[in-house]
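Read the structure below first, then the notes.
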Amino acid sequence: MSTTTTPPTTLPAREATPYVGSALDRVEGLEKVTGQARYAFEYSPDDLAYAVPVQATVARGKIRTVDVDAAVKLPGVIAAIWHGNAPRLAPPENAELAVLQSREVAYRGQYVAVVVAETLENAREAARLLRVDYQVEEHDVELRADHPEMYRPERVNPAYPADTEQGEPDAALAEAQVVVDEIYSTPAEHNNPMEPHATVAVWDGDGLTLYDSTQGASSVRDTVAPLFGLPPGNVRVVSPHVGGGFGSKGMPLSPVVLAALAAKHAGRPVKLAVTRQQMFAVTGYRTPTIQRVRLGADTEGRLSVIVHDAFEQSSRIREFAEQTATPTRMMYAAPNRRTTHRLVRLDVPTPSWMRAPGETPGMFALESALDELAVACGVDPVELRVRNEPDADPESGLPFSSRNLVACLREGARRFGWAERDPAPGIRRRDGLLVGTGVAASTYPVYRVPSRATARAEWDGTFSVRIAATDIGTGARTVLTQIAADTLRASPERISVEIGDSALPDASVAGGSMGTASWGTAVVRACEALTEELDRRGGEVPEEGLEVSADTAREVGAKRRFAQHAFGAQFAEVGVDPDTGETRVLRLLGVFAAGRIVNPKTARSQFIGGMTMGLSMALFEESVMDREFGDYLNHDFAQYHIAACADVRDVEAVWIEEDDPHLNPMGAKGIGEIGIVGTAAAVANAVYHATGVRVRDLPIRLDRLVR
Amino acid sequence: MRPFAYLRPADAPSAVTASAERPNTMYLAGGTNLVDLMRLGVVSPEVLVDVSRLSADAVEEGPDGTLTIGAGVRNSDLAADPLVRRRHPMLAQSVLAGASGQIRNMATVGGNLLQRTRCSYFQDVTKPCNKRLPGTGCPAREGDHRNLAILGHSESCVATHPSDMAVALTALGAIVHVRGADGPRTVPMPGLHRLPGDEPERDTVLDPGDLITAVEVPPLPFAARSRYRKVRDRASFAFAVVSVAVALDVADGVVRDCRIALGGVAHVPWRAETAEAALRGSAATEAGFADAVDAELAAARPLPDNAFKVPLARNVLVRTLIDLAEAS
Amino acid sequence: MNGEAHTTGPDISASAPSPVTVDLLLSVNRDRHPTTVDTRETLLDTLRERLGLTGAKKGCDHGQCGACTVLVDGRRVKSCLTLTVTLDDREIVTVEGLAGEDGPHPLQTAFVEHDAFQCGYCTPGQLCSAVGMLAEAAAGWPSAVTPDVGGGTSPDEGTPSGGDVPPGDGIRLDDDEIRERMSGNLCRCGAYVNIVAAITEVAR
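Quick note, the sequences are listed as chains A, B and C, same order. At position 564 of the first sequence the residue is numbered 564 (the UniProt record's numbering), and the sequence of numbers has no breaks. At position 296 of the second sequence the residue is numbered 296 (the UniProt record's numbering), and the sequence of numbers has no breaks. At position 143 of the third sequence the residue is numbered 143 (the UniProt record's numbering), and the sequence of numbers has no breaks.
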C-alpha cells in the first residue's frame, strides 16, 4: 500500500494474477480463531432483556388456559406473552410464522408462549413456571407408506412435478431379465448446526433491527416486515457471521418472529436463542422417507426401466414436499421410467430443507439399488454405472452442458485401488474386522437466482463490493473477494467484500448450492461495470469515490438450453466388528466434477464436510419419533449422535477439471451439498461387501448387524 | 433453574452437617451431571453444598496394596494415575472410555458413581417417569428402550446405569466409604447401586445427606491383566450400548479366577457372578467361555427393541475372555 | 387421550424463592473482574453476557458439544456445566486469551492455514480444547486408544515388566490419539480432517 499523503487519482497498475482458482485462506479466518467474529446472540444493545420460549407439551389440541401468575411474580420478569396478549400479526403465507396467534397446537414443541426477563436465569425459571392447560386431541405421528391420507402434492421442492413417467414401466418390469425391487428407508434427521438459531430484536419506533442467525438477510427482512405491517425498508437484518445452517436457517421460521414479537410487546430489545432441545421441534428437519425402487435390466446390467416411489411426511400447518425421487429422473438411461412422491400430513413438526434435500435420501435408495443390481448381474458397480450413462437428460432430452460422472468414477476407481476388488461379500478380515468397499454416485442440480451487488472504487485505490450474501461457513466472503479481484484485476488485499446485512443490495439465500453462482454473477457484473466506468474516466477515481450497481434478474432469468448438474463418485471402505456390529468408515474418497473450483482450499473443506455429514448420516443420525407423546425424543447431542472426531479418519476429496462455458461468468457449479449426496449409499454398499448384510434402513446401527 | 444457596464447607464432616441442617440439599462436585439435571429441571435443590475442594483428591496405596481413591479425584487424574494403570488397567480404561477429555477433567470419582440414568424419559420433565416422579408410569417399556435394561429391570423402571467407571469398580469389588449423619461407614460394590424394584427413584442404598468420601480398591493381582471393552454407537463420546470389565487369571489352560461386570444392561453395574462361578476351575476355551456367559445371560428379559443386547453382550464378553486368555 | 385435559408446569405450592447473588473476583485472561453473579449462572453465561467475552460459544448448554470449552487452571473444561460461583481464585483462559504478545497462538495460525473450520462456531472450543489436550499428552496421560494403558505390565507377574508408568513421559500424538482426544468437540461443518492436520503440525 502506498503511504503517500496525497491520494492517488488513478488506480495502481492492474494485476494479471488470477485469484479464482487459488487457495486463499479464509478472509475472516483470524477473526474466527481469536473469538472476535460476532454471531447473532453476541450483539448486546443497551437495555436488553432475555426472551425464553415455552413449548407445547401435547402433539395436537387447543390451549385452554395459560397461567402466568407464578412466572410474572418472579423478580426481574418483564412480560409473559401468549396468544391472549400477543401483538397481532398479519396472516403469513407460512403458518409456522403465526406464532402465538391462536389456541391451536399443531405439534409437540410448537411455541405457545414466551417470557421476557432482565436476566437469562430468571427468564428461564419464569418459562419453567408458566402453566399451560390443553384440550388434548388424539395425535397421529407415524409415517407409513400405506397411510390412508397419503396424497400427491402439486409440486415438490422447489417446483418440480410430483410425478413423472415415460414409456411403459410396468410392462418393462414384467419383461426384464433381472429385477431389483426393494424398500429403503431413511429416518428423520436434524440439521443441527453448531450455532443454535438466535435473534436479537431491537425496535426503534416503527423500525426493527434483527441480529439474526440466518442464511438469507434479504429474505428474513422480506418475510418479517409484512407480518408487522411494515414496509421492508423499515426492517434491517444483520448476520455477518452464522454458525452453520445446512438449510435450517434458510427460511425464516418461528424463532425470529417470536423474538421480534417479544421485543415489541416488552418494549425492550430482546435476545432469544433456541435451545438445542427446541431445535428438534421448531427449526425444521429432513423428512423421514420410505422409498420403493424397482430396477429392470438385462443380464449385462443395462437398465430398461427405473421406478422410484417416495413416501414422506409434513406437518398439519405447512406442506413441505421434498423432492426425494428427482435425481432418479436424470441419473441413468432407461427407456421406461416413473417417479412419484406421496405425502401425508401428520401431527409432527414441519420438515424443511436439510443439506441436499431430496438428493440425499433419494440417492441413498437409488444408489443402494444400483449396487444390488450390480450384485444380481455380476457386474462391477463402477462398470454398471458407466453402462447406463445417458447421452442427454433422460426426461427433458436436453443435452448436459457438462456431465463427467464417468470421469469421476474412473478417477476414483484409480485412486481408490478399485481394480483389485474381489466382489465376493463377507470374506475379508483385517485387524479382526470384516472389511469391504463400496461405491456410489452423487449429483446435485445447478441453480442460480437473481441477486444485486454494488462495486465501489475509493480514491485511495481500494474497492468495496457490497451484497447481502451470507457466509454460513461456505467461504462465500473469501470466494467473492477472489471473484471481485479477478474482475477488477486488483489484489484481494485492496478489496473489501461486505455481506451479511439486508441494508446491502438484495441477494438470494445461502442455499441450493447456488451462492457462488448467484452472488458471483452479480459481483462480476458490478465489477465489470465499475471497470468500464473507470476506463471511461481514464482510470480516475473522483474524491468521493465511484460506485456502480448490477442486477442479474434478466441474465439469470434467461431460459436454459442445457441440463445442468454437478456429479461425483464416492468410494468408501468400512471395517465392521464381527462380534459387535460396530461399523467404522476407514476410508472415504470423493471425486467431483463441479465446474471451475474457485478456491481449492475452501472447496475441499466443503466437499469433505459434506462427506463427513454423509458418513454421520450413514452410521448415526436418526431422530426418533416418540409415538406416545409425538415428539422427537432424542433431542440433544448426547442422544442424537453426529460424527465425532474419532469417527472421521481418512476422508479425501478431489475434483476433475471441468470447463463448462454455459454456467455463469465463473464457470462454477455449486459444491456445498453434493458432498453428502452419495456418501450414505457408498458406506451401505461397503457394509454389504464387508458383511454380506444389505442394510436398507438408515442408520447402519450395530443392532442391524449384530448376530 | 430454581434459585439456590451455595455453601462451601471446609471438610467432609462440616459438609454432612451443612446438608443435614437444611432441606433439599445436594452435593456439588464436578457438576457434569448435576448442573445438567438442574438445567433440565429434573432436580431442583434449594442448597448446593460444594464438596469439590475437600481434600479428598489423592490416590493412596496401603501396605497391602489396597488403593484408596479420594472421592474428589478427577476422572482424568484417576485414569492417569500410575498405580491405577499398572494394577487395574481396566479401571483406567473404563474411565478413559467415558465422556470426553473436558468432562473427565471436571467429573469426580464420587460423582461418577452417582450419575443418574440417561433414559430419555427421565431427562424430559414433560413426560412421566417413575424414577423422576414416582407413580407416574414408565413410558419406556412401550416407547423408546433401545438402550435400556435387559437384566434386573422391573415393571416400574427399565433404566440403565450410565457409568463406565462403576462397571470396573464393581468387577474389582471396590468398597465405598460414606459419611452420613451417623458418621462414617462402608458400602461394598456390588451393593452400592440397587435394582429398581418398585422404588426406581432410589438409584443407590445411600440416604439423603450421605457423602461419598473415598473408594477403596482391594488388591487383586490378576487384575493387572484386565480389560474394559465398551461397545458404543459412535467411536467416542457416547454412552455404552454394552460394556464389559473383565479380569482373568488363567494357568495351564484352566481359569483360576476371574472378575466380570457388565455395563449398559441393567439399573446397576451388573456383576456377572453366575458366569464367574461357572468359569472358575473350568477350561479356558471358547466353548467354556460361551457356556458360562450364556448361563449369565439366561436371566436376560429383553424388551422388543433391545433384544439385540443379549447376543451383543454374549459376543463381546466371550471375545474379551478369549483375548485375555490368549494374552496370558 | 382424546378430550382429556393436560397441564404442564411444576406445582407451585410455596412462593418462588428469590435469586441468590454472590460477589466474587474472577480472573479471566489475566484480568481481574470483580463480579456479582447469580448462583445459577454458568461460567459460559458469565463470560458471554456479563463480561462481553463472547469467544466461548453455546452450542448445547449441556456439556455435549464442546463449543464452550475454556481452560480453568490450565485444564480444559466445559464452561456450560461450570457454575461461576465455584470459580473464585481460579485462573480462567478463553480463546480471547490464547494469543501471546507477539501474535496468535501457533494453533490459531495452524487452524487458519489448514482451513480447520468453516462456520467457526465450534472453533474457539476446539482451540481451547487442543491447548489443554496437548498439555495432557505432554504429561503422559493415556487415552482410550493408547495401546498399553498399563505401561508394559507383565501379564504373568501382575507387576510392571517395563518399569513404572512414568507420568511425565509424553504420549506421541498420532492421528488416532488426536482424534480420540478431540472427540469432545463436535463440528457439524465436518472440519475434523483439517483440525487433526492443524493440531498435528503444532504437536510436532
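Ideal placement from N, C-alpha and C gives every residue a C-beta, glycine not left out.
Per DSSP, L28(B) is one residue of the beta strand (DSSP E) stretching across 25-28. The beta carbon of S163(B) does not come within 8 Å of any beta carbon belonging to chain C, so the residue lies off that interface. For E46(B), the chain C residues whose Cβ falls inside 8 Å of its Cβ are P17, in order along the chain. By the Cβ test, the stretch 140-154 of chain A is not in contact with the stretch 91-99 of chain A, since fewer than three Cβ pairs between them sit closer than 8 Å. Among the residues of chain C, those whose CB is under 7 Å from the CB of V242(A) are C119, following chain order. Counting only Cβ-Cβ distances below 8 Å, R227(B) has no contacts in chain A at all, with the closest Cβ about 14 Å away. Interface criterion not met: the Cβ of R90(C) is under 8 Å from no Cβ in chain B. Against E195(A), the close residues of chain C are K57, G59, C119, Y121, in the order they occur along the chain (beta-carbon pairs closer than 8 Å). One thing to note: A392(A) has its Cβ within 8 Å of the Cβ of L398(A).
Non-local C-beta neighbours of A92(B) in its own chain, meaning closer than 7 Å and more than five positions away in sequence, comprise A79, V84, R85, ordered along the chain. For the stretch 84-105 of chain B, residues whose beta-carbon sits nearer than 7 Å to a beta-carbon of chain C comprise R85, R86, P89, A92, Q93, L96, A97, S100, G101, Q102, I103, N105. Residues of chain A whose Cβ lies closer than 9 Å to the Cβ of N29(C) do not exist, since the nearest Cβ in that chain is about 10 Å away. Residue contact with chain C for V344(A): absent (no Cβ-Cβ distance below 8 Å to any residue of chain C).
Residue environment: S396(A) is assigned as exposed (fewer than 16 neighbouring CB atoms within 10 Å of its CB, all protein chains considered). A residue is called buried once 16 or more other Cβ atoms fall within 10 Å of its Cβ, and Q177(A), having fewer, is exposed.
Between the stretch 330-339 of chain A and the stretch 350-360 of chain A there are fewer than three C-beta pairs closer than 8 Å, too few to call the two in contact. Excluding residues up to 5 positions away in sequence, L127, A130, V202 lie with their Cβ nearer than 6 Å to the Cβ of L107(C) in the same chain. One Cα belongs to R696(A), the other to T583(A), and the distance between them is close to 15 Å. Secondary structure at T34(A): coil, using DSSP grouped into helix, strand and coil. When the Cα atoms are used, A517(A) and T552(A) turn out to be separated by approximately 11 Å. Against chain A, the beta carbon of P104(C) has neighbours under 9 Å at L30, V33, T34, listed in chain order.
Residue contact check for S243(B) against chain A: no CB pair falls below 8 Å. With distances taken between CA atoms, A292(B) lies nearest to I322(B) out of D210(B), I322(B), N306(B). Residue-level contact check: A644(A) touches chain C, since one or more beta carbons of chain C fall below 8 Å from its beta carbon. By the neighbour-count definition (other C-beta atoms within 10 Å, threshold 16), P699(A) is a buried residue.
In the structure shown, E104(A) falls within a strand segment according to DSSP collapsed to helix, strand and coil. Bounds of the alpha helix (DSSP H) holding E21(B) are 12-21.
Listed in chain order, the positions of the stretch 445-474 of chain A with a beta carbon within less than 9 Å of a beta carbon of chain C are D471, I472, G473, T474.
Between L96(B) and S143(C) the beta-carbon gap is near 6 Å, inside 8 Å, which marks them as a contact.
Within the same chain, and ignoring the five residues on either side of G296(A) in sequence, the residues whose Cβ sits closer than 6 Å to its Cβ are A172, L173, A176, V179, S304, V305. Closest in C-alpha terms to G183(B), from the list C157(B), L220(B), D207(B), Q102(B), comes D207(B). Scanning chain B for C-beta atoms nearer than 8 Å to the C-beta of T39(C) yields P3, F4, A5, Y6, L48, reported in chain order. By the neighbour-count definition (other C-beta atoms within 10 Å, threshold 16), D626(A) is a buried residue. Listed in chain order, the non-local C-beta contacts of R179(B) below 6 Å within the same chain comprise A12, V16, L211, T213, local neighbours out to five positions each way being set aside.
Looking at the backbone, the Cα of L480(A) and that of V497(A) are separated by about 7 Å. In this structure, A106(A) and S314(A) do not form a Cβ contact; the two beta carbons are roughly 11 Å apart against a cut-off of 8 Å.
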